[in-house]
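One structure is given below, encoded as structure tokens.
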Amino acid sequence: MTDTLPLPAVRGTLTPFRPLADLTWLRVGGPAEWLFQPADVEDLSDFLAALPPAIAVFPIGVGSNLIVRDGGIPGVVIRLGRGFNGIETGDRTVRAGAAALDAHVARKAAAEGLDLTFLRTIPGSIGGAVRMNAGCYGTYVADRFVSAEAILRNGDRVVLGREALAFGYRETFLPEGAVIVSATFRAPSGDPAALEALMAEQVARRDASQPVKERTAGSTFRNPSGASSTGRADDSHDMKAWKLIDDAGMRGARRGGAEMSPKHANFLINAGGATAADLEGLGEEVRNKVFQSSGLWLEWEIMRVGTPAGN
Ligand SMILES: Cc1cc2nc3c(=O)[nH]c(=O)nc-3n(C[C@H](O)[C@H](O)[C@H](O)COP(=O)(O)OP(=O)(O)OC[C@H]3O[C@@H](n4cnc5c(N)ncnc54)[C@H](O)[C@@H]3O)c2cc1C
Numbered sequence: 001m002t003d004t005l006p007l008p009a010v011r012g013t014l015t016p017f018r019p020l021a022d023l024t025w026l027r028v029g030g031p032a033e034w035l036f037q038p039a040d041v042e043d044l045s046d047f048l049a050a051l052p053p054a055i056a057v058f059p060i061g062v063g064s065n066l067i068v069r070d071g072g073i074p075g076v077v078i079r080l081g082r083g084f085n086g087i088e089t090g091d092r093t094v095r096a097g098a099a100a101l102d103a104h105v106a107r108k109a110a111a112e113g114l115d116l117t118f119l120r121t122i123p124g125s126i127g128g129a130v131r132m133n134a135g136c137y138g139t140y141v142a143d144r145f146v147s148a149e150a151i152l153r154n155g156d157r158v159v160l161g162r163e164a165l166a167f168g169y170r171e172t173f174l175p176e177g178a179v180i181v182s183a184t185f186r187a188p189s190g191d192p193a194a195l196e197a198l199m200a201e202q203v204a205r206r207d208a209s210q211p212v213k214e215r216t217a218g219s220t221f222r223n224p225s226g227a228s229s230t231g232r233a234d235d236s237h238d239m240k241a242w243k244l245i246d247d248a249g250m251r252g253a254r255r256g257g258a259e260m261s262p263k264h265a266n267f268l269i270n271a272g273g274a275t276a277a278d279l280e281g282l283g284e285e286v287r288n289k290v291f292q293s294s295g296l297w298l299e300w301e302i303m304r305v306g307t308p309a310g311n
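The sequence shown begins at 1 in the UniProt record's numbering and counts up by one.
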């Protein structure tokens, strides 16, 4: 890594060698070669247009689905903040900035009698939710999505519809280096008090079954097979990753500071002092053990990004 990249001038904040651990839920990983926090959409677009094409760009949300490796991320990491977190409601529609938190969007929508309750228990941002086709309790972003506005790697501002994003199970097709800046959802109408009550019930259910107070990144591995264009079929599939991990005897397994949660076997946690290598190494050990016991290879759902230490 070098701090001499020829970077364009910006109105937001550009920070060299910015540690990323405190910007992720797992609290591990090395620095971004540069961290860019744009002031607004124009700042982001001008920056990307002027940035030499050979320099890699990686957008992050609030890091709730990421292991950043210990050597950090080369190039420019882009994190949206103020200026990208507005939420507007309309006639059965909600438009939210990519930095808005899913839970805030769900609550604001509910207060206006609009049902995006499925977002309430997902701890990410709207940019991350669209990118990951996030979903909970049987509803996915793909079910409510209208369009997203994005800035492409060359600085062009585009609107992407559902065909362009080609939603799959916990994934979408997003051009390399593109940054989502806002998304519009269609929301069924509902009674605000009933929607609030439903969300409270969902939060209680989640708190009872997941280690949400821990340093984790949610489900570590996808449930095997059954993926569909909305992802729904996958969650209804009998073969659950947590069950395969349990059967392989890996619930509670540890490596360094990394642990497979005793509360939910498919949640990898930083139990204290873990490195990214501990977490990824334990995850790979789980994959091997599950293969030995079931003949199935689990696929990572958590994204692992950046370079290992020493590279
Ligand atoms: C306790 C816990 C519970 C969870 N429960 C669920 C759940 O029920 N359902 C579920 O689907 N997920 C769940 N997750 C996983 C995670 O919250 C989701 O994947 C979430 O959508 C990630 O959003 P983020 O903002 O944290 O994105 P990040 O983790 O920061 O990034 C994830 C991906 O999105 C991309 N990205 C982020 N922002 C942008 C942007 N503006 N433009 C382009 N790309 C972008 C990143 O490049 C990366 O590829 C859970 C995680 C935790 C920790």
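Where a beta carbon is used, it is the ideal one built from N, C-alpha and C, also for glycine.
Quantities reported herein were computed from a predicted structural model and do not represent experimental measurements.
Does the distance between the C-beta of residue i and the nearest non-hydrogen atom of ligand 1 fall short of 7 Å?
i	result
Gly-155	no
Gly-138	no
Leu-44	no
Val-57	no
Ile-87	no
Thr-121	yes
Ser-125	yes
Arg-222	no
Phe-98	Looking at the sequence provided, one finds Ala at residue 98 rather than Phe. Ala-98 Cβ: within cutoff of ligand 1.
Ile-180	yes
Asn-288	no
Trp-300	no
Thr-307	no
Pro-60	Checking the sequence, you will find Ile at residue 60 rather than Pro. For ligand 1, at least one heavy atom lies less than 7 Å from the Cβ of Ile-60.
Thr-216	yes
Arg-170	yes
If we count the other Cβ atoms within 10 Å of its Cβ and call it buried at 16 or more, is residue i buried or exposed?
i	result
Gly-124	buried
Pro-175	exposed
Asn-223	buried
Met-260	buried
residue 312	Lying outside 1 to 311, the shown extent of the chain, residue 312 is not represented and no answer is given.
Gly-231	Here the model assigns Gly-231 a pLDDT of 46, short of 50, so the residue's position is not dependable, and the following value carries that caveat. By the 10 Å Cβ count, Gly-231 comes out buried.
Phe-17	exposed
Gly-135	buried
residue 315	This structure does not reach residue 315, given that the chain is present from 1 up to 311, and the question cannot be answered.
Pro-8	exposed
Val-159	exposed
Ser-189	exposed
Asp-278	buried
Pro-6	exposed
Asp-22	exposed
Asp-191	exposed
Met-132	buried
Met-239	exposed
How close, in whole Å, do the beta carbons of residue i and residue j come, if the pair is a contact with beta carbons under 8 Å?
i	j	result
Arg-205	Val-212	Between Val-212 and Arg-205 the Cβ distance is about 11 Å, and since that is not below 8 Å, they are no contact.
Val-130	Ala-183	5 Å
Leu-152	Ala-178	5 Å
residue 314	Gly-72	An answer regarding residue 314 cannot be provided, because it is not within the stretch 1 to 311 covered by the chain.
Ala-98	Ile-78	Not quite, the Cβ-Cβ distance comes to about 10 Å (not below 8 Å), so this is no contact.
Ala-265	Arg-251	4 Å
Leu-20	Pro-31	6 Å
Tell me whether residue i, by its Cβ, gets closer than 7 Å to a heavy atom of ligand 3.
i	result
Ile-67	No copy of ligand 3 appears in this structure; the ligands present are ligand 1.
Which residue's Cα is closest to the Cα of residue i: the options?
i	options	result
Leu-66	Asp-40, Thr-216, Val-181	Thr-216
Ser-45	Arg-69, Ala-21, Gly-63, Gly-155	Gly-155
Gly-256	Ile-87, Leu-282, Pro-262	Leu-282
Tyr-140	Gly-168, Glu-301, Gln-202	Gly-168
residue 317	Leu-14, Gln-210, Ser-294	Only positions 1 to 311 of the chain appear in this structure, which leaves residue 317 out of reach.
Arg-287	Pro-308, Ala-241, Gly-273	Ala-241
Lys-243	Val-62, Leu-296, Gln-202	Leu-296
Lys-263	Ile-245, Glu-280, Val-62, Gly-83	Ile-245
Ala-103	Gly-113, Thr-89, Leu-23, Ile-122	Ile-122
Gln-202	Val-105, Trp-300, Arg-120	Arg-120
Thr-24	Asn-270, Arg-92, Phe-291, Val-290	Asn-270
Counting only beta-carbon atoms, is residue i nearer than 8 Å to chain B?
i	result
Gly-113	Any reference to chain B falls outside this structure, which holds one protein chain only.
Task: Start-end ranges of the alpha helix (DSSP H) lying completely within the segment 96 to 175, minimum 4 residues - done: 102 to 111, 126 to 132, 141 to 144, 162 to 165
TODO: Only counting runs of 4 or more residues, tell me where the alpha helix (DSSP H) segments fall wholly within the segment 214 to 292, in order along the chain.
DONE: 232 to 236, 241 to 247
Task: Those runs of the alpha helix (DSSP H) which lie wholly inside the segment 174 to 211 and span at least 4 residues - done: 192 to 209
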